[in-house]
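Chains as they are written, first to last, in my numbering: chain H, 10 to 508; chain G, 10 to 508.
Don't be surprised by glycine CBs; every beta carbon is placed ideally from N, CA and C.
From a predicted model like this one, the values you see are computed outputs, not experimental measurements.
Protein chains: 2
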Amino acid sequence: MQQRIRNHLLRSRVLTADEAQTFIQDGMTIGVSGFTRSGDVKAIPRALVDNIRKTENSRQIHLYSGASLGDADSWLSTQHVVDRRSPYQSDPDTRQGINCGEIRYIEQHLSHSAEWFRNEHIDLAIIEAVAITENGGIIPTTSVGNSPVFVQKAKQVIVEINLSMPESLIGIHDIYIPENRPFRTPIGITHVADRIGTPYIPCDPNKIVGIVMTDDPDSPSKIVAPDEETQQMAEYILELLSHEVKQGRLSAKLAPLQSGVGSVANAVFSGLEKSPFNQLEIYTEVMQDAVFQLFDSGKVSFASGCSFTLSESMRDHVLSSLPRYRKQLLLRPQEISNHPEVIRRLGVIAINGALEVDIYGNVNSTHVRGTHVMNGIGGSGDFARNAGLTIFVTKSTAKNGRISSVVPFVSHVDHTEHDVDILVTEQGIADLRGLSPRERAKTIIENLAHPLYKDALRDYFERACVQGGNTPHLLDEALSWHHQFKETGDMRKPVSAMM
Amino acid sequence: MQQRIRNHLLRSRVLTADEAQTFIQDGMTIGVSGFTRSGDVKAIPRALVDNIRKTENSRQIHLYSGASLGDADSWLSTQHVVDRRSPYQSDPDTRQGINCGEIRYIEQHLSHSAEWFRNEHIDLAIIEAVAITENGGIIPTTSVGNSPVFVQKAKQVIVEINLSMPESLIGIHDIYIPENRPFRTPIGITHVADRIGTPYIPCDPNKIVGIVMTDDPDSPSKIVAPDEETQQMAEYILELLSHEVKQGRLSAKLAPLQSGVGSVANAVFSGLEKSPFNQLEIYTEVMQDAVFQLFDSGKVSFASGCSFTLSESMRDHVLSSLPRYRKQLLLRPQEISNHPEVIRRLGVIAINGALEVDIYGNVNSTHVRGTHVMNGIGGSGDFARNAGLTIFVTKSTAKNGRISSVVPFVSHVDHTEHDVDILVTEQGIADLRGLSPRERAKTIIENLAHPLYKDALRDYFERACVQGGNTPHLLDEALSWHHQFKETGDMRKPVSAMM
Ligand SMILES: CC(C)(COP(=O)(O)OP(=O)(O)OC[C@H]1O[C@@H](n2cnc3c(N)ncnc32)[C@H](O)[C@@H]1OP(=O)(O)O)[C@@H](O)C(=O)NCCC(=O)NCCS
Ligand SMILES: CC(C)(COP(=O)(O)OP(=O)(O)OC[C@H]1O[C@@H](n2cnc3c(N)ncnc32)[C@H](O)[C@@H]1OP(=O)(O)O)[C@@H](O)C(=O)NCCC(=O)NCCS
């Protein structure tokens, strides 16, 4: 305990999780640690839900986090504790609560949320930590997320000290909080490995009203291993990168890499293991399994991120090998890992997943059929808009071919054609840079669409061109593919419908 | 001439415009000065078009600029000289060429285009200047645009020295070119008035192959004076800003202001004249008439922009009064005036025009009925995404009420719901910050829609909610308003169609 709570006055504030959950009152706005299932608070949400179940003393809160929580998102949503949720989630139960209109979801660009919270009232921050320093500084665990701004803004702070998190995590964080405007200065990161802050979140010890000791590990990530198709997509991207090096647009070390959540993004990083590239640098949001495989194979010299999101076996390996990794990585607040200023300066290569893309290159990464949210925009927009090279990946079909992921008109836009350089499916790669909309349409249809849907897309585009415009469309058919899927469960049209 | 061409060796390179146009060869990529009708090259495009008319020696080029040119865009498009056009235009003839598929238009975020040109091959740069310095430095006129990157990249440079531009323009420019990656450092602007570059565009004198002397003034802007509706919209915005000050989210000096092109944006700035705010600062792209009215009434202490776009009378006034204005303003390259890094650091208040908005807050500022481009996205995305407060304005109807500018589903997305804080029509104002999609829909319909369309929007939204989702929609009706307008010339539905 002395090692974990170094401020001796604070040692008297240790509570049980059940005692701590009483601080959570109906209607409160609560900021919690947690980013893509890691470094999230665990004991207090569970105690809260247990208490509500037992006592029927139900409470509803505004739940703000870094990004998705692990199991806590599910517990809280199932128990109807969440009134508002921001800025990101990826949990099936929360998703259901949102899509049926029960949970009010405020999706945000992950670099924007801290700016927003600065103007919000936060009642309580609950932060998972490895330890608390002599002067109250909170040392986060496997993610940083929005914890710095929550601690800064909250009236009260509760810390969950997680004993399953090794002390070797201490020192890997770099906490930098931009000054309030109009006194803000440049963010001094010019290299991936630059340290510009403190290894802890500064906190007035008087604000810390409770400390709970826990030892629950992070919920493991559910990453699917690369399959033939995702490997194929990774290969296209590696060929593209080699081509960029040859053209002199990238150096042999490439540029700092970002990869989004999901299986494809992970597969691309796995593919780098057998690539000719060396001394790679990573400037990303989430470090998935593949990042550590790349460390192990000596491909990567440094990685900067905001969280580790690991499978169970990789998690155990990483946490026990931190003394070896720690010189090569650091974790930043999401405001900094995703900051347009830094991403643009470094010229990051950004690789993110899409649900569907349209013939002009607009990307939907969030809303199935335009209505039902999957996860959220997350940091994909921060990277896509500001990267030196922006790549989106998706398989060309979903649901066994019944859905085409290349459509005439995306049913929801997260990223516009202006923010998309390269699109990749298992069918091929489309380099959209410098192309006009009609050129983009031809490239996307020919290179990316599945053979099942190619003719229908060509037919749509040709008939639309007859009607003219910079981005020709048939307004009465543009969303008919989604509508048909909703009605019949299949986007494939009977041949007669195409005549 | 000695004053205007200070490098004496260059004085021998003076050519007629007709001689200069021979440098333009078929298939060339040409970067020209010019940003929203100001500081554009004039004599050489005219000579080129004259020559093509006379000799039938037609040529086609890739025409890259800062933003829209003045009359030159029309001359070149009408004469079919333009094969590709980037990154922005606002000319009826060019628009027609694009929409019929003749001109390939590559719309870009205006802060992005310089990054793109760095990787492109530029054959020839043609730049309007006030003067050339001893060491070849080119001093731009009423806009900077992308001229620095064009000069840097082009193999050959031709300068149009415009004698109608007063020498008092010398010193108002601040030219800063970011280093190539991976050596890029922070952009050192922490205040609107900060100077970080040189007052001229550096240029190797050997690259300057010709100089043409001209005295054509900039084509005047076609700004429409504020009317009752735009004044009403300006009032809503001023009330909002007062409210933000009261809430402590803005200081009494507000934050640096940006206003987009168009009549409404201009009206808002005009409205500031009678506001309680003082010592205002402007960090914008285009300075329209109203900016100078605000200088004259002592409301504004400093304005940083990328161009002046003025009516004829204001143009004459400004150019003759520059000795008075020049301590209070400066012109930057568009890469810097629109840079996410600076906009975000300063917390700019951004006000831009929209064609239409949808019930969830997505904005279409470019494509009529989703197909026919009006102008282009311009810098609106640079500001909307990165500003501290993002406002879009549009009248609630167009074409005498036959079009609702509030629709179920925008027919083209330029700015997503995540990049829009406030929407304004003459009907009212909608503050979308912190609202979930369904809350946004209610606010938008009730506060912004025209009474002619309110019931139909309510009806759409209610029926969509029955089907569920985070952003409920009826996919078979979502674009039907636009389709109906295309077929019948009116979006108003017969009552029976709504049942
Ligand atoms: C878009 C995204 C969901 C893709 O994830 P992924 O794991 O690579 O993709 P998958 O192909 O496994 O698809 C995930 C699910 O979407 C479904 N799906 C894929 N394309 C679809 C489409 N066009 N229409 C409907 N459903 C689709 C899949 O069938 C699968 O469903 P299941 O969970 O029921 O099996 C994911 O990248 C995401 O959430 N992105 C947004 C946030 C983000 O980019 N963050 C990165 C920075 S944090
Ligand atoms: C969107 C934009 C065109 C609005 O301009 P504006 O002058 O304020 O708006 P107006 O109401 O005068 O509309 C301009 C035209 O669009 C038409 N229009 C407006 N709303 C429309 C709608 N929903 N559907 C179809 N046409 C519409 C108007 O009728 C008018 O047509 P006209 O030229 O034939 O008379 C303009 O702001 C723009 O081009 N924006 C994109 C670029 C940008 O934002 N730059 C700013 C940073 S540079």
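In or out: Gln117 of chain G buried (at least 16 other Cβ within 10 Å) or exposed? Translated into the one-based positions of the second sequence, residue 117 of chain G becomes position 108. With 16 or more Cβ atoms within 10 Å of its Cβ, Gln117 of chain G is classed as buried.
Are the CB atoms of Glu169 of chain G and Val221 of chain G within a distance shorter than 8 Å? For this step, residue 221 of chain G is matched to residue 212 along the second sequence. For this step, residue 169 of chain G is matched to residue 160 along the second sequence. Yes. Within cutoff.
What residues of chain G sit near Asn371 of chain H, judged by a beta carbon separation below 8 Å? As a working note, residue 371 of chain H is residue 362 in the first sequence. Correct list: Val422.
Ligand 1 and Met383 of chain H: does any heavy atom of the ligand fall closer than 7 Å to the residue's C-beta? To locate residue 383 of chain H, count along the first sequence from 1; it is residue 374. Met383 of chain H Cβ: within cutoff of ligand 1.
Just confirm the distance between the C-beta atoms of Thr533 of chain G and Gly478 of chain H, as a whole number of angstroms; I'd bet it's less than 8 Å. Because chain G spans 10 through 508 in this model, residue 533 of chain G falls outside it and cannot be assessed.
Could you tell me whether the Cβ of Ala506 of chain H comes closer than 8 Å to any Cβ of chain G? Working through the first sequence from its first residue, we reach residue 506 of chain H at position 497. Per-residue confidence for Ala506 of chain H stands at a pLDDT of 49, beneath the threshold of 50, marking its modelled position as unreliable; the derived number appears in the next sentence. Output row for Ala506 of chain H: interface = no.
Just tell me which of G:Leu432, G:Ser346 and G:Ser405 has its CA closest to the CA of Gly75 of chain G. Mapped onto the second sequence, residue 75 of chain G falls at position 66. It is G:Ser346.
Run through DSSP, which three-state label would Ser505 of chain H get? Along the first sequence, read from residue 1 onward, the residue named residue 505 of chain H stands at position 496. Here the model assigns Ser505 of chain H a pLDDT of 41, short of 50, so the residue's position is not dependable, and the following value carries that caveat. Of the three classes helix, strand and coil, the one that applies to Ser505 of chain H here is helix, per DSSP.
Where Glu290 of chain H falls: helix, strand or coil (DSSP): Taking the first residue of the first sequence as 1, we reach residue 290 of chain H at position 281. Correct three-state label for Glu290 of chain H: strand.
Let's see if you can read the secondary structure: which residues bound the alpha helix (DSSP H) around Ala234 of chain G? Position 225 of the second sequence, counted from the first residue, corresponds to residue 234 of chain G. Careful: Ala234 of chain G lies outside any alpha helix (DSSP H) and carries neither H nor E.
Could you tell me which residues DSSP pairs with Thr434 of chain G in its beta bridges? To locate residue 434 of chain G, count along the second sequence from 1; it is residue 425. In the DSSP output, where bridge partners are listed per residue, Thr434 of chain G has G:Gly437.
Rounded to a whole number of angstroms, what is the C-alpha to C-alpha distance between Val90 of chain H and Asn108 of chain H? Taking the first sequence and counting its residues from 1, one reaches residue 90 of chain H at position 81. Taking the first sequence and counting its residues from 1, one reaches residue 108 of chain H at position 99. In a straight line, the C-alpha of Val90 of chain H is about 16 Å away from that of Asn108 of chain H.
Here's a check: name, in chain order, each residue in its chain whose Cβ is nearer than 8 Å to the Cβ of Arg472 of chain G, leaving out the five neighbours to either side. In the second sequence, the residue the question calls residue 472 of chain G occupies position 463. Cβ neighbours of Arg472 of chain G beyond the five flanking positions: Leu483.
Helix, strand or coil at Pro92 of chain G [DSSP, three-state]: Locating residue 92 of chain G in the second sequence gives position 83, where the first residue counts as 1. Reading the sequence as shown, one finds Asp at residue 92 of chain G and not Pro. Asp92 of chain G: strand per DSSP, three-state reduction.
Rounded straight-line distance, which links the Cα of Asp49 of chain G to that of Arg204 of chain G: Along the second sequence, one-based indexing puts residue 204 of chain G at 195. Along the second sequence, one-based indexing puts residue 49 of chain G at 40. Going from the Cα of Arg204 of chain G to the Cα of Asp49 of chain G covers about 24 Å.
With distances taken Cα to Cα, identify the nearest neighbour of Ile454 of chain H among H:Ser445, H:Arg467 and H:Leu444. For this step, residue 454 of chain H is matched to residue 445 along the first sequence. Cα-wise, what sits closest to Ile454 of chain H is H:Arg467.
At the level of alpha carbons, what is the spacing between Ser489 of chain G and Tyr73 of chain H? Translated into the one-based positions of the second sequence, residue 489 of chain G becomes position 480. Translated into the one-based positions of the first sequence, residue 73 of chain H becomes position 64. Their backbone Cα atoms lie some 37 Å apart in a straight line.
If contacts are defined as beta-carbon pairs under 8 Å, then Glu435 of chain H and Lys404 of chain H qualify, I think. What distance do you get, rounded to the angstrom? As a first step, residue 435 of chain H must be located in the first sequence, where it is residue number 426. As a first step, residue 404 of chain H must be located in the first sequence, where it is residue number 395. Yes, Glu435 of chain H and Lys404 of chain H are in contact; Cβ-Cβ is about 6 Å, under 8 Å.
Among the residues of its own chain, which have a CB less than 7 Å from the CB of Ser320 of chain H, if the five just before and after it don't count? Sequence index remark: in the first sequence, residue 320 of chain H carries index 311 (1-based). Taken in chain order, the residues that qualify are Pro229, Ser230, Ile232 and Asp298.
Using the Cβ count rule (16 or more neighbours within 10 Å means buried), how would you classify His130 of chain H? For this step, residue 130 of chain H is matched to residue 121 along the first sequence. Exposed, by the Cβ-count rule.
Could you compute how far the alpha carbon of Ser505 of chain H sits from the alpha carbon of Ser420 of chain H? Within the first sequence, numbered from 1, the residue matching residue 505 of chain H stands at position 496. Within the first sequence, numbered from 1, the residue matching residue 420 of chain H stands at position 411. Any reading at Ser505 of chain H must be qualified, since the residue scores a pLDDT of 41, below 50, and its modelled position is unreliable; no value is offered.
Heavy atom of ligand 2 within 7 Å of Thr380 of chain G beta-carbon: By 1-based counting over the second sequence, the position of residue 380 of chain G is 371. No.
How many angstroms separate the CA atom of Leu425 of chain H from the CA atom of Gln343 of chain G? In the first sequence, residue 425 of chain H corresponds to position 416, counting from 1. In the second sequence, residue 343 of chain G corresponds to position 334, counting from 1. At residue 425 of chain H the sequence reads Thr, which differs from the Leu that was named. Between Thr425 of chain H and Gln343 of chain G, the C-alpha separation is close to 21 Å.
Can you tell me whether Ala363 of chain H sits near ligand 1, meaning its C-beta is under 7 Å from at least one heavy atom of the ligand? Sequence index remark: in the first sequence, residue 363 of chain H carries index 354 (1-based). Yes, Cβ of Ala363 of chain H sits closer than 7 Å to a heavy atom of ligand 1.
Check whether Gly397 of chain H and Arg190 of chain G have beta carbons under 8 Å apart: Working through the first sequence from its first residue, we reach residue 397 of chain H at position 388. Working through the second sequence from its first residue, we reach residue 190 of chain G at position 181. Yes, Cβ-Cβ distance for Gly397 of chain H and Arg190 of chain G is below 8 Å.
Contact list for Thr425 of chain G against chain H, beta-carbon separation under 7 Å: For the purposes of this step, residue 425 of chain G is taken as the residue at position 416 of the second sequence. Within 7 Å Cβ-Cβ: Val422 and Asp423.
Take Asp27 of chain G and list the residues in its own chain whose beta-carbon comes closer than 6 Å to its own, dropping the five residues that flank it on each side. The residue labelled residue 27 of chain G in the question sits at position 18 within the second sequence. Around Asp27 of chain G, the same chain offers Ala56 as residues with beta carbons nearer than 6 Å, after the five sequence neighbours per side are excluded.
Buried or exposed: Met500 of chain H, going by 16 or more other Cβ atoms within 10 Å of its Cβ? Locating residue 500 of chain H in the first sequence gives position 491, where the first residue counts as 1. Met500 of chain H is classed as buried because its beta carbon has at least 16 other beta carbons within 10 Å across all chains shown.
Helix, strand or coil at Ile33 of chain G according to DSSP, with G and I counted as helix: On the second sequence, position 24 is the one that residue 33 of chain G refers to. In the structure shown, Ile33 of chain G sits in coil (DSSP, three-state: anything other than H, G, I, E or B).
In terms of alpha-carbon separation, which member of H:Pro285, H:Leu247, H:Lys262 and H:Lys308 lies closest to Ala274 of chain H? If you number the first sequence from 1, residue 274 of chain H lands on position 265. Comparing Cα-Cα distances from Ala274 of chain H to each of H:Pro285, H:Leu247, H:Lys262 and H:Lys308, the minimum goes to H:Leu247.
Quick check on the burial criterion: 16 or more other C-beta atoms within 10 angstroms. Buried or exposed for Thr31 of chain H? Here the question's residue 31 of chain H lines up with position 22 in the first sequence. The residue is exposed, with fewer than 16 neighbouring Cβ atoms inside 10 Å.
Supposed close pair Asp225 of chain H, Lys451 of chain H - CB separation, criterion 8 Å: Here residue 225 of chain H corresponds to residue number 216 of the first sequence, with the count starting at 1. Here residue 451 of chain H corresponds to residue number 442 of the first sequence, with the count starting at 1. Separation of the CB atoms of Asp225 of chain H and Lys451 of chain H is rounded to 53 Å, and the pair is thereby denied contact status at 8 Å.
So the alpha helix (DSSP H) Gln476 of chain H belongs to, where does it begin and stop? Against the first sequence, residue 476 of chain H aligns to sequence position 467. Here the alpha helix (DSSP H) through Gln476 of chain H covers Pro460 to Gln476.
What is the DSSP secondary structure of Thr480 of chain G, reduced to helix, strand or coil? On the second sequence, residue 480 of chain G is found 471 positions in, with the first residue counted as 1. Here Thr480 of chain G sits in coil by DSSP.
Of all the CB atoms in chain H, is at least one closer than 8 Å to the CB of Leu24 of chain G? For the purposes of this step, residue 24 of chain G is identified with residue 15 of the second sequence, where counting begins at 1. In terms of beta-carbon proximity, Leu24 of chain G stays away from the interface with chain H, with every pair separated by 8 Å or more.
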